[in-house]
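Protein chains in written order, with the UniProt record's numbering: chain A, 1 to 359; chain B, 1 to 1022.
All C-beta atoms, glycine included, are put in the ideal place defined by N, C-alpha and C.
Structure, as structure tokens:
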Amino acid sequence: MAASPLPPPDPRFVLRGTQSAVHALHFFGGAKGQGQPLLLSGSLSGLVHIWSLQTRRAVATLDGHRGQCVTWLHSLPQGHQLLSQGRDLKLCLWDLAEGRNAVVDSMRLESMGFCRSTVLARGQRHWMLAMPGRGSDEVQILEMPSKTSVCTLKPEADAKPGMPMCLELWQAESSPRPLLLAGYEDGSVALWDVSERKVCSRVACHTEPVMGFDFDSQKARGVSGSAEKALAVWSLDEQQALQVCKTHELTNPGIADVKIRPDRKILATAGWDHRVRVFHWRTMKPLAVLSFHSATVHCVAFAANGLLAAGSGDQRISIWSLYPISSDSSTPLSGHVEDTEDGQELLMHRAEARTSRKK
Amino acid sequence: MAVFDTPEEAFGVLRPVCVQLTKTQTVENVERLQAQLRAVSDSALQELQQYVLFPLRFTLKTPAPKRERLVQSVVECLTFVLSSTCVKEQELLRELFSELSACLYSPGSQKPAAVSEELKLAVIRGLSTLMHSAYGDIILAFYEPSILPRLGFAVSLLLDLAEREKSKQIKIAALKCLQVLLFQCDCQDHPRSLDELEQKQLGDLFACFLPGISMALTRVITGDFKQGHGIVTSSLKIFYETVSFIMADEQLERIPQVQPKPAVEHRVAELVVHREAKWVKNTSDKLTLLIKKIIECVSVHPHWKVRLALIELVEALLLKCSQSLVGSAGPLLKALVGLVNDESPEVQAQCNRVLRRFADQKVVVGNRAFADILSENLHSLATSLPRLMNSQDDQGKFSTLSELLGYLKLLGPKVNFVLNSAAHLQRLSKALVQVLELDVTDIKIVEARRWHSDQLSASPETAAGQPWSQMQKRYFRFFTDERLFLLLQQVCRLLGFYGDLYLLVDHFMELYHESVVYRKQAAMILNELVAGAAGLEVENLHEKHIKTSPDELREIVTSILEEYTSQENWHLITCIESEEAGEELTVKQSGLRAITSGAHTCQVPSFPAFSKPSATICSMNGNIWQICIQLEGIGRFACALGKDFRLLLMSALYPVLEKAGDQTLLISQAATSAMMDICRACGYDSLRHLINQNSDYLVNGISLNLRHLSLHPHTPKVLEVMLWNSDASLLPLVADVVQDVLTTLDQFYDKRATSFVSVLHALLAALEEQSDPPKGGERDTGPDVEPPLPVQVQIAADVMERCIHLLSDKHLKIRLKVLDVLDLCVVVLQSHKNQLLPLAHRAWPPLVHRLTNDDPLAVLRAFKVLQTLGGKCGDFLRSRFCKDVLPKLAGSLVTQAPVSARAGPVYSHTLAFKLQLAVLQGLGPLCERLDLGEGDLNRVADACLIYLSAKQPVKLQEAARRVFLHLMKVDPDSTWFLLNELYCPEQFTPPHPSLHPVQLRGTTGQGNPYAANVLRLLQELQ
């Protein structure tokens, strides 16, 4: 990489103005035909900024967490509704339709931890929410919007995985049963069958707490990062057993967030070393190291159109356009990626793309 | 009025004179008759019409040779009778017509008889009056085939008179009469309009005169310009009235193919024309020749009324004879469009009216044939355009381009037929590009420099009104007439308005890429195309034409903008000096001298006055224009898009601001004016407002470009211009980018210090302005954590850190600037001693060096820094100053004093003098500021005293006096004493005899060199 004659890639642009470290990012809208997506950012100072990617400016600011860090943002599939989780132990539901920005509902969280919640759509207006529960090792499952508690997932007494650090609700295509993946303080990842309230499988991926993971339900494969110097790739077999496929050594320890792009071709990690790293998802080949930030990168997010956003302690959000996602989803974009030996070629592809656009 | 109202009375009076006239035909008798006629009422005369006419006609018919004078008076009298009466009988009308015509008959000749002009005039008037006196039905009956020979004679007679007579009066009268004969008289006496049948009857009859009339009139029309415009305009009018009547499509389409047998004798029947297709074709061909001849001559006629009449001709013929005269349509349209830019506003207005009428009635667009002809015309014009642009003079180019403009106006949306032909688009664009070539040999363009780097002077208000009124003056290689440029601008705008914008933009973009030879012109054209597409200053004749949609326009503008501001088209070499070449400093210093002479721009002496500018200068000039044109384009695009342009600011504002900070005056001006266009278009009320509101876009560009400084060496300039032209509200954003700047500076100390130091200067100046620091980020701080420093204090501390390194830079210019920045840092940090003192401590050694061992300019500025520092951390500074600096300065003052005392007038140009002066100027205020102790003050005083000597150069004396004025403020008593020791102007008498008399050391002698200065100072003390 260092020998590359090309300049390191630059962000497409940078969003400034949060005036506080950025801890959560989420793209909102922007599906096919809906025009430019909006980007939501949650900051240490408790504000949520809504950014227009067309004007590259904040169009609105949501203040609902009494100055406490916003750790998680998620939009609900139906309507213009947004969930935000803050260190003030509150989960707020916002109505953003037609320029509104009001809290329509809120819930109290029982746990003070770092764990971000997760939701799973269950039909038109219903969705399931998983969030850290009252007991430090518990996960609470609720039916929403009625807030009916479904169950509490508590590890068996002898397991002692510590606090849940990150959660993801999902559901296999073949079965309607909701499943929950949870990364724990002890570095393990567990698969819960929510209906049965039991752990299907658990695997130790890291020796440090899992800081973030993302799961590709189609390939039944996930990737996780932790405070240590490695990424772990694990998979789920038909018997719903988790197993570590491989680990990928990093130069610097500490991954705060991991996201796989919606087209499942590449993934990005948010590094404590101020860098964003991009990997080929199938092969885990490193493609690029994006260095721009001057503080810890706390979060990364991908938009449906492929844009990558990274939020950092330096109060900036960098927006990167690494590969345009081809509009025809059937063409294997990996055609580019798979041929690349390393990041250098990725850069060359970018440079070519730029020049060819000009002609 | 009339005396005799009844026929009886009248008869009684008239009879004797009529009898008398019949008997003796003399002028006197005719006059007598005429005199009596005046006393007879019209009604009475009508009754006696035949009776009175008899002697007159008898006189005319008498075969004996007559005197012209008699004939003339008879004709005049006859005319008088006819003007008061009506002719009610067909026979009488015919006879009188023949008798009057015969007066000008010369036997055996086609030409009118050689008679006096008065007689000719009388006959013409007589004929005219006769035709007016004929009763309505009578007159129509008059025009039957049997009259053809007689009518023909009269017509040819009149044409001959109109053509050959010398007298203008006769010519006009003859033409007027011809109009009457041809039923074209527009007086009130013929209000009746003709029905279809009557029209056809007359048309058939007149058709046989058409060749004669048209040819004779053509000769008149194309005759000498000096013959007077009235004759030409009347002739033109008769020409087109006649032609459009006989050749009217409406009539012709009703003519049967087979001629009905005429009911007249054979001789006459031969004269009657049957207007069938073949005849029409033949006649049309011949007319086309005449029409071409007429247009060729008249379109350049010096009198505007004639050109106005030409437009009427075109209108009449194209409207009424579009089929019969289709062969003439080309020249006719050409004539019309050629007048679209006529110098006369009346002609222009009329021309535009007709064009609009044609467009409204779809004369061209709705008529395949015309549209084809027009396209054909435009084709052939496009083909010859490059040649014409090459060979014609300004006037010729003007009319050619006017013609082009007219075609475009008339064709409107159909212009795409022509543009779609690659060959023709090629021709058209080649011609435009060729004629728009700039003259880039002017050296001044490269030399004109901008010296005030801070504020961009101009707000949209100052340049209100016409957005482009203050466009930069350009010089073109192939023309000088400014109107030509406006014309070309209009041509491009119309192309943009009606043409396929994608096609045109693609085409000219290709030319832009193709060669540097075309690039400037292509950009100019692209700018106008976009302005035209938005309908800016475009006169639209085609109401239904749909403009390019805003979204499409934005897309197109975005792509052009991207091209304009791309590295290879935006960062062109425009001057010789550059930081990379390391020549900047030498040139700038020569420039410093020029500033003192008061000029904003100056001749950079590195260019000798070449007799022929070198290729490099030409290419730099070209590059400057290239950039200016592109900047102008950005302004145009903003005007074209209006508020929509706001979305493009994220990519457009940065490059424009970069050029606003350019050293080349022209570029900076163009950029400023582009920004004003942007302000107007996007609704910002000033440049400052524009920059403030979009600083996030700028900061984004700056911070990303700083990452690749070698690729974007102008980045610091952009930040600098932004800082000078924005206000404190930007601080949080700026703070974000300052770290990037400082980090980059740390990497490039050696190479780009100049530009960075300029940025730091701008930055600190902005920080200093901000009096009230914003409180931010305090929410997270617990009780045990110190509150974070205000942003500007952090920045100032970081900057001051860098200044310490740069204080010893090898370039004076940088050292000077750094001293300024340092001064500002101290001001900003004044209330934060914890930050300031350690930094001041570290800055001390290089600062001492500046004071004691540097250029006088640096010494002065270093003193200023010390003063500022003295106000903030006096104690800290006092001891160090007295220990490290004062001894050296005092020492050098003392050792230099004898030198300067002896020196001649040239001394004031030496470095030594300037140093002395700087130290003397700096010491006074500093001593006061630092509140020095007695010992140190004495030291200063001792060193300066010698300079109070009248032997010293005047300037040094002045400076020394000022030192003492400051010292007086600190310690007046000891200063008084000291001065008196030097020169004591008065004797001190003790107030009481018991006291000892005081004797101070200062001598009172006349020869004391200190007398004058000490006296002045002592006066101040009292």
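Residue i - partner residues in DSSP beta bridges
{"i": "residue 209 (chain B)", "result": "Answer is none; residue 209 (chain B) lacks a bridge partner."}
{"i": "residue 476 (chain B)", "result": "B:438"}
{"i": "residue 171 (chain A)", "result": "A:178"}
{"i": "residue 63 (chain A)", "result": "A:47"}
{"i": "residue 41 (chain A)", "result": "A:25 and A:49"}
{"i": "residue 132 (chain A)", "result": "A:139"}
{"i": "residue 310 (chain A)", "result": "A:300 and A:318"}
{"i": "residue 72 (chain A)", "result": "A:85"}
{"i": "residue 195 (chain B)", "result": "Note: residue 195 (chain B) sits in no beta bridge, so no partner."}
{"i": "residue 259 (chain A)", "result": "A:268"}
Chain-order list of residues whose beta-carbon lies under 6 Å from that of residue i (same chain, five-residue window excluded)
{"i": "residue 239 (chain B)", "result": "217"}
{"i": "residue 221 (chain A)", "result": "235"}
{"i": "residue 1026 (chain B)", "result": "There is no way to answer for residue 1026 (chain B), as the model of chain B reaches only from 1 to 1022."}
{"i": "residue 70 (chain B)", "result": "27"}
{"i": "residue 662 (chain B)", "result": "668"}
{"i": "residue 54 (chain A)", "result": "36"}
Own chain partners of residue i with C-beta closer than 8 Å, once the 5 adjacent residues on each side are dropped
{"i": "residue 778 (chain B)", "result": "Any reading at residue 778 (chain B) needs caution, since the residue's pLDDT is 43, under 50, leaving its predicted position unreliable; the model's value is listed next. The answer, listed in chain order, is 787 and 788."}
{"i": "residue 381 (chain B)", "result": "400, 403, 404 and 407"}
Limits of the beta strand (DSSP E) - the one that residue i falls within
{"i": "residue 288 (chain A)", "result": "286-291"}
{"i": "residue 85 (chain A)", "result": "81-86"}
{"i": "residue 249 (chain A)", "result": "242-249"}
{"i": "residue 152 (chain A)", "result": "148-153"}
{"i": "residue 202 (chain A)", "result": "198-204"}
Sub-8 Å separation of residue i and residue j beta-carbons
{"i": "residue 235 (chain B)", "j": "residue 175 (chain B)", "result": "yes"}
{"i": "residue 534 (chain B)", "j": "residue 553 (chain B)", "result": "yes"}
{"i": "residue 355 (chain B)", "j": "residue 340 (chain B)", "result": "yes"}
{"i": "residue 107 (chain B)", "j": "residue 160 (chain B)", "result": "no"}
{"i": "residue 488 (chain B)", "j": "residue 496 (chain B)", "result": "no"}
{"i": "residue 905 (chain B)", "j": "residue 951 (chain B)", "result": "no"}
{"i": "residue 685 (chain B)", "j": "residue 550 (chain B)", "result": "no"}
{"i": "residue 821 (chain B)", "j": "residue 757 (chain B)", "result": "yes"}
{"i": "residue 21 (chain A)", "j": "residue 313 (chain A)", "result": "yes"}
{"i": "residue 158 (chain A)", "j": "residue 179 (chain A)", "result": "no"}
{"i": "residue 404 (chain A)", "j": "residue 165 (chain A)", "result": "Nothing about residue 404 (chain A) can be read from this structure; chain A reaches only from 1 to 359."}
{"i": "residue 214 (chain A)", "j": "residue 259 (chain A)", "result": "yes"}
Extent of the continuous alpha helix (DSSP H) to which residue i belongs
{"i": "residue 299 (chain A)", "result": "Element bounds for residue 299 (chain A): not the alpha helix (DSSP H) but the beta strand (DSSP E), 297-302."}
{"i": "residue 140 (chain A)", "result": "First-last for residue 140 (chain A): 139-144, but that is the beta strand (DSSP E), not the alpha helix (DSSP H)."}
{"i": "residue 272 (chain A)", "result": "Residue 272 (chain A) -> no alpha helix (DSSP H), and no H or E assigned at all."}
{"i": "residue 870 (chain B)", "result": "856-872"}
{"i": "residue 724 (chain B)", "result": "715-724"}
Chain-order list of residues whose beta-carbon lies under 7 Å from that of residue i (same chain, five-residue window excluded)
{"i": "residue 117 (chain A)", "result": "72, 85, 91, 129, 130, 131 and 167"}
{"i": "residue 796 (chain B)", "result": "764, 767, 825, 828 and 829"}
{"i": "residue 351 (chain B)", "result": "311, 336, 339, 340 and 342"}
{"i": "residue 612 (chain B)", "result": "Because residue 612 (chain B) sits at a pLDDT of 49, beneath the cut-off of 50, its placement in the model cannot be relied upon, and the following sentence gives the value as read from the coordinates. Cβ neighbours of residue 612 (chain B) beyond the five flanking positions: none."}
{"i": "residue 722 (chain B)", "result": "657, 691, 695 and 698"}
**Item:** Under 8 Å (Cβ pairs) to chain A, residues found in the segment 674-703 of chain B
**Value:** So the close ones are 696, 697, 699, 700 and 703.
**Item:** Against chain A: residues of the segment 700-727 of chain B by CB proximity under 8 Å
**Value:** For the segment 700-727 of chain B, which is checked against every Cβ of chain A, the residues closer than 8 Å are 700, 703, 704, 707, 708 and 711.
**Contacting positions in the segment 14-28 of chain A - beta carbon closer than 8 Å to chain B** = Identification of residues in the segment 14-28 of chain A having a C-beta nearer than 8 Å to some C-beta of chain B yields 14, 16, 17, 19 and 20, given in sequence order.
**Request:** Determine which residues of the segment 53-86 of chain A have a Cβ less than 8 Å from any Cβ of chain B, and write them out in chain order.
**Result:** Hits within the stretch, in order: 54, 55, 56, 57 and 67.
**Prompt:** For the segment 788-806 of chain B, which residues have a CB atom closer than 8 Å to at least one CB atom of chain A, in sequence order?
**Reply:** Residues are counted here when their Cβ sits less than 8 Å from a Cβ of chain A; for the segment 788-806 of chain B the count is zero.
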